[in-house]
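From first to last, the protein sequence lines are chains A and B. All residue numbers for the first sequence refer to numbering that gives the first Met the number 0, where the first residue is 0 and numbers rise by one. All residue numbers for the second sequence refer to numbering that gives the first Met the number 0, where the first residue is 0 and numbers rise by one. For glycine and all other residues, C-beta sits at the position ideal for the given N, C-alpha and C. Computed from a prediction, not measured in an experiment: that's the story for all the values here. Worksheet: one structure, shown below.
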Amino acid sequence: MSDYLPIELAGSELWLLADKAIYWPEQRALLIADIHFGKAAAYRRLGQPVPHGTTENNLRRLDALLARYACRQLIFLGDFLHAPESQVPATLARLAEWRARQAQLAVTLIRGNHDRRAGDPPAALAITVIDEPLLQGPFALQHEPAPHPTHHVIAGHLHPAFRLQGRGRQSLRLPCFCIGERLSLLPAFGSFTGAMDIATEDRWRIYLVGDGNVWPLARG
Amino acid sequence: MTGPASTETAELAERWFASRAWQPFPFQQQVWAAVRHGESGLLHATTGSGKTYAVWLGALNRFAHALPASADRPAPLTLLWITPMRALAADTARALQLPLDELGLHWSIGLRTGDTGSAERARQSRRLPSALITTPESLTLLLTRADARQAFAGLRMLVVDEWHELLGNKRGVQLQLALARLRRWNPGLIVWGLSATLGNQPHALEVLLHPGSGRLVEGQVSKPLLLDTLLPEAIERFPWAGHLGLRMLPPVIAEIDAASTTLVFTNTRSQSERWYQALLDARPDWAGLIALHHGSLAREVRDWVEQGLKHGALKAVVCTSSLDLGVDFLPVERVLQIGSPKGVARLLQRAGRSGHAPGRTSRVTLVPTHSLEVLEAAAAQRAVAERRIEVRCAPQRPLDVLVQHLVSMALGGGFRPDELLAEVRTAWSYRDLPDGHWQWALAFVRHGGHSLTAYPDYQRVEPDATGLWKVPSRRLALRHRMSIGTIVSDASLTVKFWARGGAGRSLGSVEEGFIARLRPGDNFLFAGRLLELVRVENMTAYVNRASGRKAAVPRWNGGRMPLSSELADALVEQFGAAARGEFVSREMRLLQPLLQVQQDWSALPSESSLLAEVLKSREGWHLFLYPFGGRHVHLGLASLLAWRIAQRQPVTFSIAVNDYGLELLSATEVDWLQALAPALSSRDDLLHDVLASLNAGELARRRFREIARIAGLVFSGYPGAQKSARQVQASSALFFDVFRQYDPDNLLLDQAQEEVLRQELDIGRLERTLARMQRQRLDLHRIRRPTPLAFPLLVERFRESLSSEKLADRIRRMVAELDNAAGPGGYQAAPQNAIAVEREPERPRKPRQRKTGTPRKAKKQIDADPSGGHRP
């Protein structure tokens, strides 16, 4: 077991990472979905106390991945900022510091539903912001899991999780990658996000993430 | 000593009773005398015995002629009447109005509840009525008015109706805090509580009047009570498990047929829906003559049913605790209780709903839903005969209620911390509030807790230049007013008929999680009707009438009530008697063959022995243990035992509990013969071990849901809130995780833990149960198949888990099992020949992916989940 698992998809090799991201060696690209920066800050702005530390945690994990996997580009598959109230000085300052540390990296954001309300990140962050899909190699990179006529879709948005059921009536719920014929999903990266159980009848190949590993699930 | 009332007017009460040719009861005269002397107190009497007129006429005696009043300018606000249910308010108003009219007193009566319309609210904001009937929540809301002190300046007396309903919960604490404020404004305030039967009346008196004292008046009016059981013909065909009891339908129909009006009490709302439908299916001719009543039905529907009951127009009403309280329905002749009565006080309360007409006795008939409830019925009879009545205790300093109160008081003209602290400490539940907790609560409402001090963007309450703490934001003020209260429910959807060009009639509300599992076109049973889901929009489920048979029944997430200690002890005595071969009652004789099976396959529990059974099945290694401590205690015990055993070997347990016992199930081998005795008799610190087991499990996370809502962490939304408001709704499970990771010292987390200990696990009762178990002889049996006692646990679907295995090991094992599964190898509770079990038909559940306009994925399920909920 290791903290990543290479798979082949649409003729390209992708690495599914245990920290809920995809590394694409051929393009030296890191794909991240649903990071939801500033979600806690938005809650606080609206009068609901949430401790801080979630932004730091997200950035720390992002830095760790960028240090471990040689990346030329970083692509956010939507929901970069959580809400308009997320554009607060403290959060944006942290993001700017981080961007300065990773200055040589090309960063792209494919707008998601939250980004449309929250607004684009400030230009100072030097993030290329585009609407979906981003066609790259055999893939259509999107936020919403809508099918694409010619390309294999890689999307986020759903925050998928899977419930394992075992003997002795045990069960365990873990975030997962869902790999399909024409459409694949990433788990949500953000540390202050929940998850949604995916339908068991759908014909996904499921790769669970948990305890620093990626676990392929052999299912019918 | 006559106080403000002169001798000539002191006889108002006596005069009115005489005019109606009524003879006052001694307890009524005692209350009149006490109020005349300005005393406070608690009146304990059964429903329908004249409690209302004891306090109301006492008040009129003292105040009616002491205040200036005329027809066009009635007396100023003098009396507050607190009722736990807004449904009771209108009936109370009628009862209070009656003597006013007949005595020609210029007093006005007003209502102020969540149902009060805006015109009436506006009128009240100009001038409050002489007597105002309200709920604890609405009272707190009134106290948030900036001119509250002025508005309540004339208040002289406060009455709390059904105090026993409030005493033990956070609504009662909210009322204590409101009372503390009113007493500070008027130290001479007279306070009376009205209470039904409780095992600890002095405590109820102390909490209500703290820090003062008062008089306990006992109403001596006891009505004769008949308690019996509707028995199945033969026990062999009666199920071993299940909770519907529909096999008893024919005899129940016969009983209803024979009486003029019957109340059929059930323990859950879904059970009431099923029984109502089953009765109608069996007796189509009863359409229009029988009705359904539970808390999720629309107000108009409930009103209609209550009116029908009052006028004797209904033959039967299937209901839940929604009809436990309230005015008396004179025509009710019989009360049936479907399933376990759970407690003696509750049974007496329900029994009291019948037989109000003169010369009648109260009669309640128990209807068992599975075999062992027959024994429970025998136990209930004995406990009632011996008057073993449960106690209720007020919560100790719940911080979530305090936090909410601080914001409320900041709205009500602002507060100065020192003054407010002194005031709060006069409330019984906060009498020992430590300074540290107070400082924390202040910091929490100001900055959101210690960890948030660096954030200028969050503030609910701020001190102004003079040191007065206020809420600066109008938006937050509005939002706080909307969420005052301590009753927590799941997000619910209104159910309305679908009509072109707008909504049709409203039927009531169901939990979002239930609707989320349905697709448009699916049928479900609600409000006694078969409905088809049309669409879901803006928190409303639109439905049409449907025909056909297959329908889902909503489940509401109400907490399941545990069997009380009093009833559980009586039950063990019945088992003990059976073990000694004594089969005296009708119930016991009927149950004898089943108890014989239990005896032959294993053994019978008794007062002196603790029965344990171990079973190896293809599911794994089971332990069944029967401490008879009630489901909450069993959950605590099961976690404790699981944790202690898990300290010795890495293992994962699935836990099931019911009122009789608990089951621990492991997929890997556990040598129960070796492991059980040391885990039971361990001298290790009990509290430490229970806390540790709590952290290993999921209970505290679930408890946090209620705390988060009351403390204002989770906002349940404005009525009719648009989608954008949803962007700030996260599940409390997610909050719990974020707090635990980033702000582990937050006191609300401590409170979650404390409340789990006290309420969910009932630590006091757990300690007593464990002490008793250690005195008992452990009677351990290896069983070859599940016994009558084990079977209900085996088929229990709701389970907890506790693990000491490494996460990676658990995943590896479960992934491997999935790989090996040649077919559908999962657990199947295949009933053996001798076992009958009543089950609800399982419906296939189809979670959905689409999110716009159509129902969402089950929220309930996500909420209860470790990884937190999410709405993409």
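Of the listed residues the options, nearest to residue i (C-alpha basis)
i: B/Arg-445; options: B/Ala-421, B/Arg-424, B/Pro-330, B/Gln-403; result: B/Gln-403
i: B/Ser-802; options: B/Ala-476, B/Trp-239, B/Leu-663; result: B/Leu-663
i: B/Ala-240; options: B/Thr-360, B/Pro-604, B/Asn-657; result: B/Asn-657
i: B/Lys-495; options: B/Val-542, B/Phe-738, B/Phe-443, B/Pro-592; result: B/Val-542
i: A/Gly-77; options: A/Ile-31, A/Ala-95, A/Gly-52; result: A/Ile-31
i: B/Met-813; options: A/Gly-167, A/Asp-62, A/Pro-174, A/Gln-103; result: A/Gly-167
i: A/Met-195; options: A/Ala-217, A/Asp-210, A/Arg-162, A/Arg-204; result: A/Arg-162
i: B/Leu-87; options: B/Met-560, B/Leu-419, B/Glu-10, B/Arg-301; result: B/Arg-301
i: B/Pro-201; options: B/Leu-79, B/Leu-308, B/Leu-42; result: B/Leu-42
i: B/Ser-564; options: B/Val-632, B/Thr-82, B/Pro-519, B/Met-538; result: B/Val-632
i: B/Thr-134; options: B/Ala-150, B/Trp-162, B/Ala-147; result: B/Trp-162
i: B/Leu-441; options: B/Arg-459, B/Ala-53, B/Arg-424; result: B/Arg-459
i: B/Leu-176; options: B/Ala-152, B/Asn-199, B/Pro-210, B/Ala-145; result: B/Pro-210
i: B/Ala-551; options: B/Gly-580, B/Leu-138, B/Thr-539, B/Gly-520; result: B/Gly-520
i: B/Arg-691; options: B/Arg-120, B/Leu-640, B/Val-650; result: For the sequence presented, residue 691 of chain B should be read as Ala rather than Arg. When only C-alpha atoms are compared, the closest one is B/Leu-640.
i: B/Pro-73; options: B/Trp-184, B/Asp-736, B/Ser-107; result: B/Ser-107
i: A/Ile-205; options: A/Phe-176, A/Arg-181, A/Gly-193; result: A/Phe-176
i: B/Ile-337; options: B/Leu-110, B/Ser-137, B/Pro-250; result: B/Pro-250
Buried versus exposed call for residue i [16 or more other C-beta atoms within 10 Å across all chains shown]
i: B/Lys-805; result: exposed
i: A/Ala-154; result: buried
i: B/His-310; result: exposed
i: B/Val-583; result: exposed
i: B/Lys-615; result: exposed
i: B/Trp-21; result: exposed
i: A/Arg-100; result: exposed
i: B/Phe-513; result: buried
i: A/Gln-129; result: The identity of residue 129 of chain A in the sequence shown is Ile, whereas the question assumes Gln. With fewer than 16 Cβ atoms within 10 Å of its Cβ, A/Ile-129 is classed as exposed.
i: B/His-687; result: exposed
i: B/Pro-463; result: Per the sequence presented here, residue 463 of chain B reads as Asp, with Pro not at that position. Looking at its Cβ environment, which holds fewer than 16 other Cβ atoms inside 10 Å, B/Asp-463 is exposed.
i: B/Arg-182; result: buried
i: B/Pro-843; result: Caution is warranted here: a pLDDT of 43 is assigned to B/Pro-843, below 50, making its placement in the model unreliable, and the coordinate value is therefore given only provisionally. It counts as exposed.
i: A/Ala-40; result: buried
i: B/Met-0; result: Note on B/Met-0: pLDDT 38, under 50, position unreliable in the model; the coordinate value appears next. Exposed: under 16 other Cβ atoms inside 10 Å.
i: A/Gly-10; result: exposed
i: A/Ser-85; result: buried
i: B/Asn-266; result: buried
i: B/Arg-180; result: buried
i: A/Thr-127; result: exposed
Cβ-Cβ separation, residue j to residue i (assumed contact under 8 Å), whole Å
i: B/Ala-578; j: B/Leu-603; result: 4 Å
i: B/Gly-629; j: B/Ser-665; result: Not really, about 24 Å apart at Cβ, beyond 8 Å.
i: A/Pro-159; j: A/Pro-186; result: 6 Å
i: B/Leu-226; j: B/Val-363; result: 6 Å
i: A/Ala-217; j: B/Asp-818; result: 5 Å
i: B/Phe-328; j: B/Leu-308; result: 4 Å
Contact test: residue i Cβ vs the ligand SAM heavy atom, cutoff 7 Å
i: A/Pro-24; result: Among the components modelled here there is no ligand, and therefore nothing to report on the ligand SAM.
| said: Does the contact criterion of 3 or more C-beta pairs under 8 Å hold for the segment 773-782 of chain B versus the segment 635-646 of chain B? | reply: No, they do not touch.
| field | Proximal residues, the segment 643-675 of chain B versus chain A, C-beta separation under 9 Å | value | Of all residues in the segment 643-675 of chain B, Thr-651, Phe-652, Ser-653, Ala-655, Leu-664, Ser-665, Ala-666, Thr-667 have a Cβ within less than 9 Å of some Cβ in chain A.
| Okay, do the segment 338-349 of chain B and the segment 310-319 of chain B touch, 3+ Cβ pairs below 8 Å being the bar? | Result no; under three Cβ-Cβ pairs closer than 8 Å.
| query | If contact means a Cβ-Cβ distance below 9 Å, which residues of the segment 188-215 of chain A contact chain B? | reply | Per Cβ criterion, the list reads Ser-190, Phe-191, Thr-192, Gly-193, Ala-194, Met-195, Asp-196, Ile-197, Ala-198, Thr-199, Glu-200, Asp-201, Leu-207, Gly-209, Asp-210, Gly-211, Asn-212, Trp-214, Pro-215.
| Three or more beta-carbon pairs under 8 Å between the segment 520-529 of chain B and the segment 267-287 of chain B, yes or no? | Result yes; three or more Cβ-Cβ pairs closer than 8 Å.
| field | Sufficient close CB pairs (3 or more, under 8 Å) joining the segment 379-395 of chain B to the segment 160-176 of chain B | value | Yes, they touch.
| field | Contact between the segment 9-20 of chain B and the segment 92-106 of chain B (3+ Cβ pairs under 8 Å) | value | Yes, the segment 9-20 of chain B touches the segment 92-106 of chain B.
| Contact between the segment 25-34 of chain B and the segment 63-70 of chain B (3+ Cβ pairs under 8 Å) | Contact between the segment 25-34 of chain B and the segment 63-70 of chain B is not established, with fewer than three Cβ pairs separated by less than 8 Å.
| the segment 407-415 of chain B in contact with the segment 372-381 of chain B per 3-pair CB rule at 8 Å | Between the segment 407-415 of chain B and the segment 372-381 of chain B, the count of C-beta pairs closer than 8 Å stays below three; the two stretches do not touch.
| field | contact_flag[the segment 16-27 of chain A, the segment 89-97 of chain A] where n(CB pairs < 8 Å) is 3 or more | value | Short answer: they don't touch.
| field | chain B contacts from the segment 18-35 of chain A (Cβ-Cβ distance under 7 Å) | value | Under the 7 Å Cβ criterion, the segment 18-35 of chain A contributes no residue.
| task | Check whether the segment 583-602 of chain B touches the segment 533-540 of chain B, taking contact to mean three or more Cβ pairs, one atom from each stretch, closer than 8 Å. | result | Result no; under three Cβ-Cβ pairs closer than 8 Å.
| message | Which residues of the segment 162-185 of chain A have a Cβ closer than 9 Å to any Cβ of chain B? Give them in chain order. | response | Interface annotation for the segment 162-185 of chain A against chain B: Arg-162, Leu-163, Gln-164, Gly-165, Arg-166, Gly-167, Arg-168, Gln-169, Ser-170, Leu-171, Arg-172, Leu-173, Pro-174, criterion Cβ-Cβ distance under 9 Å.
| task | Could you list the residues in the segment 94-123 of chain A with a C-beta less than 7 Å from some C-beta on chain B, going in chain order? | result | Those would be none; no residue qualifies.
| Are the segment 27-37 of chain B and the segment 138-148 of chain B in contact at 8 Å, needing three or more beta carbon pairs? | Not touching, per the Cβ criterion.
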